[in-house]
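Going by this note's numbering, the first residue of the sequence shown is number 6, and it counts up by one from there. Ideal Cβ placement from N, Cα and C applies to all residues, glycine included. Fair warning: this is a prediction, and the values are worked out from it, not measured in the lab.
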Amino acid sequence: MASVHESLYFNPMLTNGVVHANVFGVRDWVTPHKMALLVLLSELGRAGPQLGLLERRRLNRLLLPLLQGPDMALSRLRKAIEECCPQLAGSVHIRLKLMAEGELKDMEQFFDDLSDSFSGTEPEVHKTSVVGLFLRHMILAYNKLSFSQVYKLYTALQQYFQKDEKKDGADENEMELTNPEELDGKMEKEELDGPLREEEIACSGPLSQKQAEYFLSQQASLLKNDETKALAPASLQKELNNLLKFNPDFAEAHYLSYLNSLRVQDVFSSTHSLLHYFDRLILTGAESKSNGDEGYGRSLRYAALNLAALHCRFGHYQQAELALQEAIRIAQESNDHVCLQHCLSWLYILEQKIFDSCVLLEHSVNKSLHFGLPYLASLGIQSLVQQRAFAGKAANKLMDALKDSDLLHWKHSLSELIDISIAQKTAIWRLYGRSTMALQQAQTLLSMNSLEAVNVGVQQNNTESFAVVLCHLAELHAEQGYFAAASEILKHLKERFPPNSQHAQLWMLFDQKIQFERAMNDGRYHVADSLVAGITALNSIEGVYRKAIVLKAQNQMSEAHKLLQKLLIHCQKIKNTEMVIRVLLSIAELYWRSSCHTIALPVLLQALALAREYSLQYLASETVLNLAFSQLILGIPEQALNILHMAIEPVLAHGAVLDKGCAMFLVAKCQVASAASYTPQKKIEALESAILNLNEAKTYFAKVDCKEQLRDVLYFQARLFHTLGKTQERNKCAMLFRQLHQELPAHGVPLINAFK
6 MASVHESLYF NPMLTNGVVH ANVFGVRDWV TPHKMALLVL LSELGRAGPQ
56 LGLLERRRLN RLLLPLLQGP DMALSRLRKA IEECCPQLAG SVHIRLKLMA
106 EGELKDMEQF FDDLSDSFSG TEPEVHKTSV VGLFLRHMIL AYNKLSFSQV
156 YKLYTALQQY FQKDEKKDGA DENEMELTNP EELDGKMEKE ELDGPLREEE
206 IACSGPLSQK QAEYFLSQQA SLLKNDETKA LAPASLQKEL NNLLKFNPDF
256 AEAHYLSYLN SLRVQDVFSS THSLLHYFDR LILTGAESKS NGDEGYGRSL
306 RYAALNLAAL HCRFGHYQQA ELALQEAIRI AQESNDHVCL QHCLSWLYIL
356 EQKIFDSCVL LEHSVNKSLH FGLPYLASLG IQSLVQQRAF AGKAANKLMD
406 ALKDSDLLHW KHSLSELIDI SIAQKTAIWR LYGRSTMALQ QAQTLLSMNS
456 LEAVNVGVQQ NNTESFAVVL CHLAELHAEQ GYFAAASEIL KHLKERFPPN
506 SQHAQLWMLF DQKIQFERAM NDGRYHVADS LVAGITALNS IEGVYRKAIV
556 LKAQNQMSEA HKLLQKLLIH CQKIKNTEMV IRVLLSIAEL YWRSSCHTIA
606 LPVLLQALAL AREYSLQYLA SETVLNLAFS QLILGIPEQA LNILHMAIEP
656 VLAHGAVLDK GCAMFLVAKC QVASAASYTP QKKIEALESA ILNLNEAKTY
706 FAKVDCKEQL RDVLYFQARL FHTLGKTQER NKCAMLFRQL HQELPAHGVP
756 LINAFK
């Protein structure tokens with residue numbers, strides 16, 4: 006941490022009972038709260054032998070946050086002490102009362118007696134311990150005060166104590182009107198180790214350097230590990246502005262302001278704070294002291310690099326490239342290889358927006374390993390694996406590469422990168438259509454404990470990786486029809502990543518997609534259409550694709566076809582192969598519905614070639630099912646049955662419940678169509694087998710509440726039961742069909758012309 010500006014200590018003033026020590030080099034000043042802590046330490050030393058082991062342990066755990074944290078009201082301090090040792094809390098209150106209601110000489114005598122803690126062959130407190138340093142700082146700060154400042158401190162102590170007495174009187178009046186059990190329940194919820202609340206900091210006055218450093222480090226840690234426990238963006242910015250008002254050159258406060266602005270996507274404020282951070286870093290001389298003559302240049306090149314990263318984050322790629330060129334130029338002049346490796350990584354990210362190139366990335370990984378930068382090397386490997394996954398490389402080779410990066414993570418205890426690696430594996434298995442493997446990787450990350458040391462009550466793994474895995478988990482549950490479980494996961498995501506947090510857009514998109522699928526399954530197209538705007542705001546490509554799906558379901562074929570053609574051209578341009586295949590399958594379905602069956606075949610073959618080229622097994626299986634449906638329509642059901650056996654196994658093993666139902670429905674259709682040329686006995690067996698497959702399809706459709714598909718299955722079953730002469734079963738299916746048919750609108754589309 007950079008030293009606080011000296012003017013903070015050369016201007017004696019009294020604000021909210023805080024006396025600033027007018028002494029060069031003293032980084033703490035005496036406050037009424039710190040006098041209460043001194044009384045606590047004094048009473049703890051006296052009652053040491055009488056305290057039990059458990060009480061002493063609780064008090065020791067309590068002391069560190071009290072010494073490091075900001076000042077607090079006396080009532081809250083007493084509550085915290087009472088939870089550890091009620092007897093000691095009473096002694097502290099009596100001692101403070103005697104001092105506040107006594108004379109000024111009592112306070113003088115108290116500080117004189119504090120020095121006795123260090124005397125003797127076995128002193129109560131060691132001079133170099135945390136408590137010893139605190140006592141020495143307070144004694145030094147008090148001894149340097151003028152008489153007028155001592156009197157102001159004594160007056161502040163009296164006000165501090167009287168405010169607590171008044172609050173106690175008000176609490177007693179409240180207790181007469183309040184149920185004691187409810188009051189106890191409220192008190193139990195208060196935790197000292199929890200994050201600081203706005204009112205606690207606001208009433209504490211200006212912070213000392215140590216308190217400010219503790220506050221900044223605590224909030225920075227919470228922003229990284231558990232953003233929900235940090236102060237709200239507006240409250241945190243208010244406190245940072247207060248800090249900067251007393252010390253405008255506090256560089257770390259500017260950097261935390263930069264991080265806080267990033268939370269709310271405020272590009273102007275974040276840029277302003279980032280530039281101020283590096284300006285103050287140079288002005289205070291912190292870099293020059295630690296790095297000699299190189300400090301000034303080091304700040305400049307890393308300022309340019311951070312500015313490039315900031316512009317890249319907000320999508321300002323031209324400005325990012327200019328800032329990156331400046332950082333590279335300064336780094337080359339200073340021969341700073343570490344900075345150049347970071348620049349090379351960002352250069353790859355920027356060039357990736359224009360064209361795919363593995364050369365820069367491979368060079369960056371090799372150089373990072375050469376210069377001993379495992380974090381940067383691992384990130385490079387992760388990016389390389391991601392790029393090759395989109396390029397269609399085999400899964401086993403990608404997993405081998407990730408295994409090598411995992412060795413780096415465990416060797417250097419890179420906890421965050423371990424999480425990223427597991428989240429990457431989850432996403433890769435999802436891309437390749439292996440939902441079982443994706444589920445296994447997601448559960449692995451959720452069951453892991455973070456290697457980073459975090460405070461009690463702070464959520465671990467509360468990072469982007471954790472959010473990604475939970476989103477995939479919610480989608481996997483929704484695909485299998487477990488909507489209640491998916492809702493619980495999304496509820497947990499909303500609690501852990503509130504809407505104003507930086508990773509909230511992940512669960513927002515998945516939440517909208519799951520709601521969209523449920524509305525489409527239920528035939529509520531107007532609801533699905535209303536969700537398209539939200540999806541488009543979060544992901545434009547997904548939004549346009551789902552708008553086309555809604556138009557297709559509403560039989561607006563020409564509008565859906567125009568939209569899909571535009572989307573296809575765009576996805577081919579940006580090389581989004583997965584979406585290209587999905588668009589091609591939707592276009593093929595439009596051709597079926599328009600009775601252009603022969604035109605759909607080349608489109609499906611193109612989709613199948615892409616799916617196999619890029620190793621997208623599940624999409625390949627889905628494309629084969631569509632091809633089988635085309636063959637069924639063209640009058641070759643036997644050939645359709647043959648290729649169905651190739652594709653149905655991956656769908657049943659890894660597919661969504663809706664896809665499983667559609668696959669079994671298609672098998673039944675092909676069996677019925679093939680049975681036309683069979684002998685009577687064999688035909689009956691084929692029809693009975695088809696009925697069994699329809700029962701299985703009906704179970705799948707019921708699980709996801711897909712009423713339109715259920716209606717079609719019931720219609721088909723009723724026809725088969727009629728052919729077999731099973732009147733009772735036929736009538737039952739007919740009755741259920743009629744109920745659904747009255748409930749759902751009929752679009753006049755023939756049953757045979759819809760695969761899904």
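Exposed unless 16 or more other CB atoms sit within 10 angstroms - verdict on residue i
i	result
F273	exposed
W415	exposed
C317	buried
E564	exposed
S418	exposed
S275	buried
S134	exposed
H531	exposed
F777	No answer is possible for residue 777: it lies beyond the span of the chain, which begins at 6 and ends at 761.
D117	exposed
F721	buried
R285	buried
F726	buried
M628	In the sequence on display, residue 628 carries Thr and not Met. Buried.
K234	buried
G30	Model confidence at G30 stands at a pLDDT of 35, short of 50, so the residue's coordinates are unreliable; what they give is reported in the following sentence. By the neighbour-count rule (16 or more Cβ atoms within 10 Å), G30 is not buried but exposed.
G548	buried
D409	exposed
The alpha helix (DSSP H) enclosing residue i, as first and last residue numbers
i	result
V532	530-543
D117	109-119
W597	582-598
K149	Counting along the chain, K149 falls outside any alpha helix (DSSP H), and DSSP gives it neither H nor E.
H566	562-579
E467	According to the sequence as given, residue 467 is Asn; it is not Glu. Note, N467: premise wrong, no alpha helix (DSSP H); not H, not E.
H38	37-51
F319	Segment: none, F319 is in no alpha helix (DSSP H) and carries neither H nor E.
G95	91-106
H347	342-357
T133	It is not in any alpha helix (DSSP H) - T133 carries neither H nor E in the DSSP assignment.
T628	622-638
I425	420-436
Beta-carbon proximity list for residue i, same chain, < 6 angstroms, skipping 5 on both sides
i	result
Q337	none
G137	V130, H131
Cβ separation of residue i and residue j, assumed to be a contact under 8 angstroms, to the nearest whole Å
i	j	result
L162	M40	6 angstroms
A702	V718	6 angstroms
S120	G50	Contact doesn't hold; Cβ gap of about 13 angstroms is too wide.
T708	G486	The displayed chain sequence assigns Lys, not Thr, to residue 708. Contact flag correct, Cβ pair sits at about 4 angstroms.
Q392	C348	That pair is no contact at about 19 angstroms.
P379	L413	5 angstroms
I519	A490	Contact doesn't hold; Cβ gap of about 11 angstroms is too wide.
A225	L261	6 angstroms
Own chain residues within Cβ distance below 7 angstroms of residue i, not counting five before or after
i	result
N631	L590, A593, L609, F760
S440	L481, H659
G385	S350, L366, S369, V370, S373
I335	G302, L305, R306, A309
Spatial distance of residue i from residue j (CA atoms)
i	j	result
L646	S388	42 angstroms
S506	E326	27 angstroms
A472	I494	10 angstroms
Y322	L352	11 angstroms
L79	P37	9 angstroms
C90	L71	15 angstroms
N230	R268	14 angstroms
Y307	A258	18 angstroms
E421	L514	24 angstroms
A691	T468	54 angstroms
Contacts around residue i, its chain only, beta-carbon distance under 8 angstroms, and the 5 residues preceding and following it disregarded
i	result
L573	V585, V588, L589, I592
Q517	L536, G539, I540, L543
F521	A533, L536, V537, I540, R551
L444	L478, L481
Q611	L589
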